[in-house]
Every structure is written in structure tokens, then in C-alpha cells.
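Some notes on the structure that comes next.
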Amino acid sequence: MTSRDAPLWKEAINDEMDSIMGNGTWELADLPKGRRPIGSKWIFKKKYHPDGSIFAYKARLVAKGYRQREGIDYFDTYAPVARISSIRTLIAISALKGLYIHQMDVKTAFLNGYLKEEIYLEQPEGFVIPGQENKVCRLVKSLYGLKQAPKQWHERFDTTMTAFGFQHYSADRCIYSKHTSDYIVVICLYVDDMLIIGTHLEGILETKKYLSSNFKMKDLGEVDTILGIKVKRTGGQISLSQSHYIEKILTKFQHLNIKEFNTPFDSSVKLKVNSGRAVAQLEYASAVGSMMYATHCTRPDIAFAISKLSRYTVNPGIEHWKAVGRVLGYLKRTSTFELTYSSSNGILEGYSDASWIDHTSDSKSTSGWIYTLAGGAISWASKKQTCIAHSMMEAELIALAAAGKEAEWIRDLLMDIRLWDIPMPSIPMYCDSEATLSKVYNAVYNGKSRHVGLRHNFVRQLIESGTIKVVYVKTSRNLADPFTKPLTRDLVTSTTRVMGLKQQ
Numbered sequence: 001m002t003s004r005d006a007p008l009w010k011e012a013i014n015d016e017m018d019s020i021m022g023n024g025t026w027e028l029a030d031l032p033k034g035r036r037p038i039g040s041k042w043i044f045k046k047k048y049h050p051d052g053s054i055f056a057y058k059a060r061l062v063a064k065g066y067r068q069r070e071g072i073d074y075f076d077t078y079a080p081v082a083r084i085s086s087i088r089t090l091i092a093i094s095a096l097k098g099l100y101i102h103q104m105d106v107k108t109a110f111l112n113g114y115l116k117e118e119i120y121l122e123q124p125e126g127f128v129i130p131g132q133e134n135k136v137c138r139l140v141k142s143l144y145g146l147k148q149a150p151k152q153w154h155e156r157f158d159t160t161m162t163a164f165g166f167q168h169y170s171a172d173r174c175i176y177s178k179h180t181s182d183y184i185v186v187i188c189l190y191v192d193d194m195l196i197i198g199t200h201l202e203g204i205l206e207t208k209k210y211l212s213s214n215f216k217m218k219d220l221g222e223v224d225t226i227l228g229i230k231v232k233r234t235g236g237q238i239s240l241s242q243s244h245y246i247e248k249i250l251t252k253f254q255h256l257n258i259k260e261f262n263t264p265f266d267s268s269v270k271l272k273v274n275s276g277r278a279v280a281q282l283e284y285a286s287a288v289g290s291m292m293y294a295t296h297c298t299r300p301d302i303a304f305a306i307s308k309l310s311r312y313t314v315n316p317g318i319e320h321w322k323a324v325g326r327v328l329g330y331l332k333r334t335s336t337f338e339l340t341y342s343s344s345n346g347i348l349e350g351y352s353d354a355s356w357i358d359h360t361s362d363s364k365s366t367s368g369w370i371y372t373l374a375g376g377a378i379s380w381a382s383k384k385q386t387c388i389a390h391s392m393m394e395a396e397l398i399a400l401a402a403a404g405k406e407a408e409w410i411r412d413l414l415m416d417i418r419l420w421d422i423p424m425p426s427i428p429m430y431c432d433s434e435a436t437l438s439k440v441y442n443a444v445y446n447g448k449s450r451h452v453g454l455r456h457n458f459v460r461q462l463i464e465s466g467t468i469k470v471v472y473v474k475t476s477r478n479l480a481d482p483f484t485k486p487l488t489r490d491l492v493t494s495t496t497r498v499m500g501l502k503q504q
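Rendered as C-alpha cells:
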């Protein structure tokens with residue numbers, strides 16, 4: 001290393017090796033006959049604050065997991081992560097009920113999992129032990145890069161927390177809660193980042209102490225940033241912002257000469273499949289993917305535009321690029337928007353909508369739904385329907401069923417963590433189709449489409465179980481409307497405000 005940052009990178013490498021050796025990740029051994037060791041490499045990364053300043057130099061020793069053989073070196077590899085909807089829901093409840101939110105980071109999380117398979121690793125570059133050059137590392141615990149490393153880490157964390165009285169739940173396997181006579185503590189784990197939410201500071205501190213006694217932890221105090229999302233608490237409000245991330249996107253694509261726009265999508269534009277040659281396909285996919293992360297986390301106002309544009313990533317044309325430029329221009333004008341939750345609105349409600357056929361070549365409609373709590377959006381989606389609806393009513397029913405699945409999940413999550421009043425009332429689901437409303441309160445579906453009949457029965461089941469109640473709302477007041485079609489400037493302004501999006 002010859003760069004000016006060389007001392008910092010060397011320090012990061014030594015820290016990583018100290019963690020590995022202190023953790024007892026491997027033991028030197030002779031390679032058994034017929035076995036093949038896998039190699040490793042060093043990965044270097046700078047970690048940044050939301051404002052763009054560097055706060056850490058990270059060096060990671062990563063196993064070449066692509067050389068592992070299924071059925072010999074690994075078997076099951078699945079590991080869950082917390083849903084971003086779970087994180088937003090917990091933050092909304094925290095704003096509503098004035099809960100404490102702290103954050104911790106697990107140092108070298110994947111080194112904590114115990115391996116069940118017998119895996120051998122070549123001694124890492126720069127750390128070959130003199131006189132034992134022919135030996136290999138027999139892995140006792142998992143290492144970054146191994147296919148089963150995420151699964152083994154989650155199993156270790158799960159076992160550790162349940163031993164301390166925490167429970168995990170089927171709604172989200174990465175949400176844990178502990179209830180005592182004195183406090184409630186909820187942990188939300190996203191790989192190695194975690195939020196610790198509690199009714200009393202005592203419970204949070206007790207949990208931190210326990211975590212630190214089992215893993216190498218970094219206590220970050222009150223939450224400031226999670227998954228690159230800036231979290232700001234002001235009085236009874238909590239706001240989420242990705243302004244610095246959006247600025248990075250705009251800088252990356254500044255060569256497109258981005259102009260500001262008041263709406264994310266031009267209502268007069270009808271995009272079609274490009275029949276000619278693709279125009280900068282990889283860059284198009286990168287632009288759409290970058291904006292997709294923003295809409296996935298804090299920007300429901302661009303969900304329809306990104307859903308629409310993502311359908312053309314295989315072969316984009318000039319018109320698709322113009323539409324991308326418009327979304328970027330809208331983000332440029334609204335880069336400082338914050339998704340805000342407050343203590344003043346404790347109503348959980350959902351909205352569902354559909355646009356029939358939507359001028360697509362495959363005759364499929366678009367579903368849209370959104371749920372709000374504490375004055376801000378906690379879950380939303382804009383998706384092309386997977387089947388063809390034969391009428392507007394059928395399209396609305398398909399959208400309502402999709403929204404109903406999310407309502408069922410949100411209800412299960414809130415019932416699990418028990419930070420919500422029990423018994424929980426039915427979630428009001430607003431729909432602007434009187435025909436659909438009449439149909440879902442009719443016990444019999446007499447249509448000939450089996451796939452729609454199944455959705456009708458599902459929505460009926462949700463109503464009868466008390467999960468949701470479907471309520472009529474005028475189209476002008478349907479908050480799901482911008483998830484199915486482009487809107488005018490005034491409607492974009494009014495709907496974003498109701499979603500909880502506010503200027504910094």
C-alpha cells in the first residue's frame with residue numbers, strides 16, 4: 001500500500017485479524033487427503049456519514065465462497081433480514097408513544113456463527129505463519145464470503161436472544177421483543193445493524209449490556225442513521241431522510257443535464273416497449289435501481305414512476321430515458337423531503353386503488369396501496385398485476401386483495417410486539433370503487449374468472465375476521481391514487497403532504 005490512506009488501511013486490516021483470531025474463527029490443521037481448501041481475499045471499503053464525510057475504514061477478509069460445493073461445503077443458506085416496512089412501523093410507533101430508540105452495530109457479525117460443515121481455508125495473504133506454510137485453516141466459525149455465513153449468524157443471534165427472554169415472531173423473523181413488569185424492549189435486526197426500542201431506558205441499557213457480553217458491539221447511542229437513512233427526532237416528531245443519498249444519485253447522473261420538475265411523471269406520456277436498439281441499457285438499469293432504493297425506503301411519491309420505468313430495463317429507448325430524467329428532476333427539486341411521523345395521529349389506515357389496463361401492451365392493470373400511521377406512510381407499493389382483469393371492478397378487487405395481504409401482515413406484526421392496544425380494531429381500507437365495495441360485502445362472487453373469485457373470497461375472509469373494513473372514499477381523497485397513475489402538480493403536492501413527506 002502506497003496511498004496516503006495506507007496507515008489507516010493497515011490499521012483496519014490488523015483490527016480485522018484481531019477480531020478473527022480473538023473470536024477463534026479457525027485453527028491450523030493439515031489438509032485431509034481428498035479435500036480442497038478455498039482461498040480468500042481482502043476487501044476494502046470506506047464508510048460514510050449521511051453528510052458524505054468518512055467515519056471508518058473497513059477491511060474485511062472474505063472467503064471465496066464461489067468455490068464451495070453444494071452438499072459438501074454447505075447445505076441451507078437462507079437467512080432473513082428485517083423488512084424496511086417493519087423498521088418504518090416501529091419508528092412510527094416510537095413517535096406515537098414517545099419510545100426510546102437506540103442503535104448498536106455488531107462488529108464482524110458473520111464471524112459469530114458456528115459451522116456445521118468441515119471447511120478448510122488457505123492461510124490469508126500477509127498472515128502466513130512462518131514454519132507452518134503447508135498448513136491450512138480449519139474453520140470453526142463462519143467467515144464473510146461463505147454461503148452459509150448469514151444463516152449461521154442469524155441462528156447464533158436467535159439462540160442468544162431467546163436465552164435472554166426475547167421472542168421472535170412469524171410476521172418478521174428479525175423482530176424480537178421482551179416483556180417484563182417494568183418495561184418492553186423490541187430489537188429490529190438488519191444483518192449487523194440493530195435498533196433497540198423500549199418503553200424505559202433501563203430495559204434498553206440492560207439489553208445493551210447483555211449483547212455486549214455475547215458479541216463485540218459498537219454502541220451508537222440514540223439512533224442517527226439506519227441503512228443510510230438519516231433519522232432525526234424533534235420533540236414529538238421523528239423524520240426519515242435520504243437527502244444525501246439523493247444528492248449522490250444526482251451527482252452520478254449530472255451529465256444528463258437534469259432540470260427540475262414539479263411532478264415525477266408526465267401524464268401525457270404513454271411509454272411503450274422499445275422496438276429498436278437499446279440506449280445505454282446498463283446505465284438505465286443503474287439509474288432506475290438507484291432511485292428504486294429511495295422509493296423503497298422513504299420516497300413513496302415516486303413509486304409509480306419507478307415501477308413503470310423498471311418494466312423497460314431490458315431494452316430502454318430515448319423516451320424511457322426522458323422519463324428517467326424527469327424523475328431525477330423531480331428528486332432534484334424535492335431532495336430535502338423527509339418522511340415524518342408524529343405523536344398526534346394514532347390512526348392506522350390503508351388505501352387501495354387500481355388503474356385498468358393502463359395502456360400496456362400486455363393488457364395488465366396496475367395495483368397501488370399505502371398504509372399510514374402516526375401521520376406518515378409505513379408501507380406502500382405500485383405493481384403491475386399478474387393477471388388480466390376483465391373490468392375496472394375486477395382490477396380494483398385484485399388491488400384490494402394485495403393490499404389486504406399487507407394489512408394482515410401489519411396487524412400480525414403489531415399484535416406480536418404488543419406495543420398496540422389490544423383488542424386491535426379493524427384496519428379501515430379506503431377504496432374509490434362503489435362496485436368493488438358492493439361486491440366485497442356480498443358473500444357470493446358470480447363471476448367466471450376463478451383467479452378473481454379467489455381474491456374475492458380472501459377479502460371477504462379478512463372482513464369477516466375483523467382484520468379490515470372496506471370503506472368508500474372519493475377518488476380525490478384516495479391516497480393510493482398516485483400509485484396507479486401520474487397526477488397533476490396540485491394533486492402531487494396534496495398527496496405527498498398527506499403521506500407525511502415534508503420539506504426540511
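Note that full-length UniProt numbering numbers the sequence shown so that position 301 is 301, with each residue one more than the last. We treat Cβ as the ideally placed atom computed from N, Cα and C, and that holds for glycine. Predicted, not measured: the structure shown is a model, and the values here were computed from it.
Asked	Found
The alpha helix (DSSP H) with residue 569 in it runs from where to where?	Residue numbering for the chain in the displayed model covers 1 to 504; residue 569 lies beyond these limits and cannot be assessed.
Once you ignore the five residues that flank T467 on each side, which residues in its own chain have a CB closer than 7 Å to its CB?	A407, E408, R411, S426, I427
Assuming I196 contacts M104 under a Cβ cut-off of 8 Å, what Cβ separation, rounded to an integer in Å, is found between them?	6 Å
Between the Cα of T496 and those of G376, E133, V288, M429, spot the shortest distance and give me the residue it belongs to.	G376
List the DSSP bridge partners of S494.	For S494, which the question treats as bridged, DSSP gives no partner whatsoever.
Here's the rule: buried if 16 or more other CB atoms are within 10 angstroms of the residue's CB, otherwise exposed. What is L282?	exposed
When the distance is taken between beta carbons, is S94 closer than 8 Å to I184?	no
Given H179, which residues of its chain have a CB within under 7 Å of its CB, disregarding the five upstream and five downstream residues?	R418
With C-beta atoms as the reference, is G198 less than 8 Å away from L90?	no
Please classify K151 as buried or exposed, where buried requires at least 16 neighbouring CB atoms within 10 angstroms.	buried
Answer with buried or exposed for G404, where buried requires no fewer than 16 other C-beta atoms within 10 angstroms of its C-beta.	buried
Within 10 angstroms of its Cβ, does D219 collect 16 or more other Cβ (buried), or is it exposed?	exposed
Does G320 come out as helix, strand or coil in the three-state DSSP assignment?	First, the residue type needs correcting, since residue 320 is His and not Gly in the sequence shown. The answer is helix: DSSP assigns H320 an H, G or I state.
For K439, does the count of other Cβ atoms within 10 angstroms reach 16, so buried, or fall short, so exposed?	buried
Just tell me which of E394, T25, S363, P423 has its CA closest to the CA of T436.	E394
In chain order, what are the residue ranges of uninterrupted beta strand (DSSP E) at least 3 long that sit wholly in the stretch 188-271?	193-198, 217-222, 229-234, 237-241
Bridge partners for V186 per DSSP, in chain order?	S177, I197
Let me know if residue 508 comes out buried or exposed under the rule of 16 or more other beta-carbons within 10 Å of its beta-carbon.	There is simply no residue 508 to check, as the chain begins at 1 and stops at 504 in what is shown.
Starting from C297 and walking both ways along the beta strand (DSSP E), at which residues does that stretch end?	Segment 281-297 is the alpha helix (DSSP H) holding C297; no beta strand (DSSP E) there.
Can you tell me the Cα-Cα spacing of L143 and F110, whole angstroms?	6 Å
Check each candidate in W9, N457, G500, F304 and name the one with the smallest Cα separation from W42.	W9
Go to P150, then tell me how far its alpha helix (DSSP H) extends in each direction, as first and last residue.	149-162
Mark Y284 as exposed unless 16 or more other C-beta atoms lie within 10 angstroms of its C-beta, in which case mark it buried.	buried
Shortest alpha-carbon distance to V492 belongs to which of L31, A303, A63?	A303
Measuring alpha carbon to alpha carbon, tell me which of D158, D73, I370, Q132 ends up nearest E117.	D73
Tell me the rounded alpha-carbon separation between M21 and L139.	11 Å
Whose CA, out of Q254, A402, F337, lies closest to the CA of Q503?	F337
Distance check for G52 and Y245, CA to CA, integer angstroms please.	9 Å
Could you check which residue in L211, M429, L205 has the C-alpha nearest to that of R156?	L211
Can you tell me whether S241 is buried or exposed, with buried defined as 16 or more other CB within 10 angstroms of its CB?	buried
Decide if the stretch 322-331 is in contact with the stretch 250-259; the criterion is three or more beta carbon pairs, one per stretch, under 8 Å apart.	yes
Thinking C-alpha only, which one of F55, F44, G289 is nearest T225?	F55
Compare the Cα-Cα distances from K308 to each of L479, P486, T77 and report the closest residue.	P486
Can you list, in chain order, the residues of its chain whose CB lies under 7 Å from that of L454, leaving out five sequence neighbours each side?	none
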